[in-house]
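For the sequence shown, this note's numbering gives the first residue as 1, with consecutive numbering after it. Quick reminder that beta carbons are idealized off the backbone N, C-alpha and C, glycines included. One structure is given below, encoded as structure tokens.
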Amino acid sequence: MQEKFGEVLARLRKAAGFKTAAGFYRSNGGYEIFGFTYNEYLNFETEKSLPRPRTLLMLARMLFLRSDQNALGEFTLAYISSAWGRDAFQYLLAPLLTTSGTSRQRHPLQAAMQRAVEPKRYNLSQRQAKIIKATPANHWVFEIFSNDKNSWSVPALAKLLGFASKKIQKALDALTEAGLVRRHKTGDYYSPHAGRFFIYPQSYGAEFGEQPKYAPAVKFYDEMARKKKGGTLFRRLAAFRASQAELTQYLPYLAQMVWGSEIYSTLDKKSDSGLFTVEATVKKIFDF
């Protein structure tokens, strides 16, 4: 039996790491981002009303459904079924669907990587994401504490990152206020969230497949790599003619490959450890 849209929305919201409807609404920016009240959102989950198509797309982005074709299929079919009524859906649309999102089986590697990453998931709020990306110092101090379980002093961070102590302290104050970093009685700082897999909130309006705040992050990484004399460990490129609609179906698997590389992350310093970025980009060169 086809689930109601509200039931699917609530289930996928929990699967995305938001245990409560209130947490999902607030973490993603509340009225300022959604454009409707919390009670209006609750009406979607209780199926007192259905979102408009524009809002439906926004919710799909906030729930990261593009990376899971099965979930995206369930979400879309439940919406259509609830909007049309089950009789109309079963009589008019269901016969046209040779396969549904629920019938697709996830690739074993994709499922294994998701199981490895999911327990470490931490959904950043819009406010936290804004603070992290506000300045290069904020970004890099957050990166250090995300990937190291030890405590750090202001001088040690300044020496490693190459920023003035005043900028480091300002970044620490901002990250502490955001709940991402804590201060010891000794004056050093640490993060209670070290080793977590941080998920940045989606923002409506950008390309559906684009990671939020991607351009500033790339700039920060490139600048630091030049300053620290980093290098490229691996690069592969393939150029070919393809249907954009068909190639787009590959993107969720590509995203999972990138996210799955986190299984190699470590909080312990090793003889050859370093800070690495793993990036995947698909570019359209021209119509052909």
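Hey, quick one: how far does the alpha helix (DSSP H) through residue i stretch, first residue to last?
| i | result |
| --- | --- |
| Arg127 | 126 to 132 |
| Phe5 | 5 to 15 |
| Asp173 | 165 to 177 |
| Ile144 | 136 to 146 |
| Gly73 | 69 to 84 |
| Lys159 | 154 to 161 |
| Glu47 | Neither: Glu47 is in no alpha helix (DSSP H) and is coded neither H nor E. |
| Arg236 | No alpha helix (DSSP H) holds Arg236; DSSP gives it neither H nor E. |
| Phe24 | 21 to 27 |
| Phe288 | Careful: Phe288 lies outside any alpha helix (DSSP H) and carries neither H nor E. |
| Thr248 | 244 to 248 |
| Phe34 | 30 to 34 |
Start and end of the beta strand (DSSP E) containing residue i?
| i | result |
| --- | --- |
| Phe198 | 197 to 199 |
| Tyr122 | 121 to 123 |
Taking 9 Å as the threshold (C-beta atoms), are residue j and residue i in contact?
| i | j | result |
| --- | --- | --- |
| Leu233 | Asn147 | no |
| Glu40 | Arg13 | no |
| Ala280 | Met257 | yes |
| Pro201 | Asn28 | yes |
| Gln126 | Ile199 | no |
| Ala164 | Ala156 | no |
| Leu77 | Ala60 | no |
| Tyr122 | Arg196 | yes |
| Tyr38 | Ala16 | no |
| Glu47 | Lys19 | no |
| Ala255 | Arg66 | yes |
| Asn138 | Leu161 | no |
| Glu7 | Lys120 | no |
Taking the beta carbon of residue i as the centre, do at least 16 other beta carbons fall within 10 Å, making it buried, or is it exposed?
| i | result |
| --- | --- |
| Val278 | exposed |
| Ile132 | buried |
| Lys228 | exposed |
| Ile285 | exposed |
| Gly85 | exposed |
| Phe64 | buried |
| Pro252 | buried |
| Gly205 | For Gly205, the predicted structure reports a pLDDT of 48, less than 50, and the residue's modelled location is therefore unreliable. A value from the coordinates is still provided. Label assigned to Gly205: exposed. |
| Phe145 | buried |
| Val181 | buried |
| Val141 | buried |
| Leu292 | Outside the modelled stretch of the chain, which goes from 1 to 288, sits residue 292, for which no answer is possible. |
| Tyr25 | buried |
Quick one: what does DSSP say residue i is sitting in, helix, strand or coil?
| i | result |
| --- | --- |
| Arg52 | coil |
| Tyr264 | helix |
| Arg66 | helix |
| Lys269 | coil |
| Tyr253 | helix |
| Arg226 | helix |
| Arg182 | strand |
| Glu279 | coil |
| Gly274 | coil |
Query raised in the report: Between the region 192 to 202 and the region 169 to 178, are three or more C-beta pairs nearer than 8 Å?
Result: no
Query raised in the report: Would you call the region 152 to 159 and the region 46 to 59 touching, i.e. three or more CB-CB distances under 8 Å?
Result: no
Query raised in the report: So, do the region 78 to 87 and the region 218 to 225 have three or more beta carbon pairs nearer to each other than 8 Å?
Result: no
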